[in-house]
Every structure is written in C-alpha cells, then in structure tokens.
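Protein sequences appear in the order of chains A and B.
Everything in the first sequence is counted per the working numbering, starting at 107 for the first residue and increasing by one.
Everything in the second sequence is counted per the working numbering, starting at 107 for the first residue and increasing by one.
Reading through the structure tokens given below for one structure.
Number of protein chains: 2
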Amino acid sequence: MSYTVQVVIMPLKELLDPQGKAVKGGLENLGLKNVSDVRVGKNITLQVDAENAEAAKAVGEEAAKKLLANAVMEYFEVTVL
Amino acid sequence: MSYTVQVVIMPLKELLDPQGKAVKGGLENLGLKNVSDVRVGKNITLQVDAENAEAAKAVGEEAAKKLLANAVMEYFEVTVL
C-alpha cells in the first residue's frame, strides 16, 4: 500500500533562526506587527510503498535521519497522513 | 493571547518539483527504494498575538498571501496549533 508520510524539519528551539528573523522583519514592513516570532523549516512529503503505517513511518524516520535533517541544527517530526 | 500558527507551503501538484526529485534520487542512493514521490516545501510557524484563534489564522493567511507563498507556483495551508 502507498502511504503519504510527512516529515517536518525545524531549526532547534535553542538556536537562532536568521531566516525566521528576516521573515519577521518583512511582515513588520507589510504592517503585520502582532507577530512576535517566526521560525522557518521544511515540510517534505514522501509517497512510501509499505505494508503498514508503522513501516511507512520507519522509512520516513530513516530518510529524515540519513538525508533530510541535520541533527546538529534541526529536529524533525514524522507523521503518516 | 499568543497563538502558534503553522503555515505549510508546498509546490503545486501540477508542477514538477526538482528539489523533490533530487531528494528522491538521494534516498535511492541510500537504499530507500520504496519511496515513489517526494515533494519539498516550507513549514513556517508564527507566534501571533491575537484576540482569538480565527484572528490569528487570518494573520497567518495574510502573511502567506503577501509574503510567504508564491501563488503562481505554490499553495498553502494555515493551521492554528
């Protein structure tokens, strides 16, 4: 069966996120002043052929660990949709 | 009150996603051969000060429309967490 696996990768909360800071500045310039913090990460969807949802999730976690996320600077969450 | 608003931005389904294709190739090289499609987008979280969840969502949608998403190539989904 084919599962859609969502991998969300975000910068670690302890680290500064310069891209998020730039977006916050841009929003302020556009008049959106009630945004106090912005963090920018990645959202990756994988179509995985697997026997069941757990196996599909395991593939997503392996992909995140081995290729998609940089554990030094990012954390990730894997969800089967 | 402060709300966490999540904006997910993905390339339109009708369009090719070269970044996703590159990731798929990388996963194949790592031995993950049961991934049939990959799409890479952005996940942006905003901390929004608003009176209620609907107002916070409206800020997220305005931010996505005015700055974060390119409507020609991307679609977005806004969720209040």
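Idealized CB from N, CA, C, for every residue including glycine.
Starting from B:G147, find everything on chain A with Cβ-Cβ shorter than 9 Å and list it in chain order.
-> Near B:G147 (Cβ distances below 9 Å), the residues of chain A are K148, N149, I150, T151.
Exposed or buried, A:V165, counting other C-beta atoms within 10 Å across all chains shown (16 or more means buried)?
-> Taking every protein chain shown into account, the CB of A:V165 has 16 or more other CB atoms within 10 angstroms, so this residue is buried.
Whole-Å CB distance - A:D123 paired with A:V146, under 8 Å assumed | Yes, A:D123 and A:V146 are in contact; Cβ-Cβ is about 6 Å, under 8 Å.
Between which two residues does the beta strand (DSSP E) carrying A:L118 extend?
-> Element bounds for A:L118: n/a, residue is neither H nor E.
Mind checking which residues open and close the alpha helix (DSSP H) that includes A:L166?
-> Sequence inspection shows Gly at residue 166 of chain A; the Leu mentioned does not correspond to that position. From DSSP, the alpha helix (DSSP H) with A:G166 extends over 159-169.
Cβ separation of A:V144 and B:I150, assumed to be a contact under 8 Å, to the nearest whole Å = The beta-carbon separation of A:V144 and B:I150, rounded to 7 Å, stays under the 8 Å limit for a contact.
Name the DSSP bridge partner or partners of A:L152?
-> Paired residues: A:V111, B:V144.
Residues of its chain near B:Y109, where Cβ-Cβ distance is below 7 Å and the 5 sequence neighbours each way are ignored | Same-chain partners within the cutoff: V154, A156, A159, A162, V186.
Are the C-beta of B:L174 and some C-beta of chain A separated by less than 9 Å?
-> Taking Cβ atoms only, chain A reaches closer than 9 Å to B:L174, which makes this a yes.
Are the beta-carbon atoms belonging to A:V129 and B:L173 less than 9 Å from one another?
-> A:V129 places its beta carbon less than 9 Å from that of B:L173.
How would you call A:V178, buried or exposed, if buried means at least 16 neighbouring beta carbons within 10 angstroms?
-> Within 10 angstroms of the beta-carbon of A:V178 lie fewer than 16 other beta-carbons, which makes it exposed.
Exposed or buried, what is A:G137 when buried is set at 16 or more other beta-carbons lying within 10 Å of its beta-carbon?
-> With fewer than 16 other Cβ atoms within 10 Å, it is exposed.
Whole angstroms is fine: what's the gap from A:A169's alpha carbon to A:Y181's?
-> Distance between A:A169 and A:Y181, taken at the CA atoms: about 13 Å.
For B:N140, return the contacting residues in chain A, with the cut-off set at a CB-CB distance below 7 Å.
-> Within chain A, the residues near B:N140 are V154, D155, A156, V165.
Could you say which of A:G131, A:L152, A:A175 lies nearest to A:Q193 if we only look at CA atoms?
-> With chain A covering only 107 through 187, there is no way to say anything about residue 193 of chain A.
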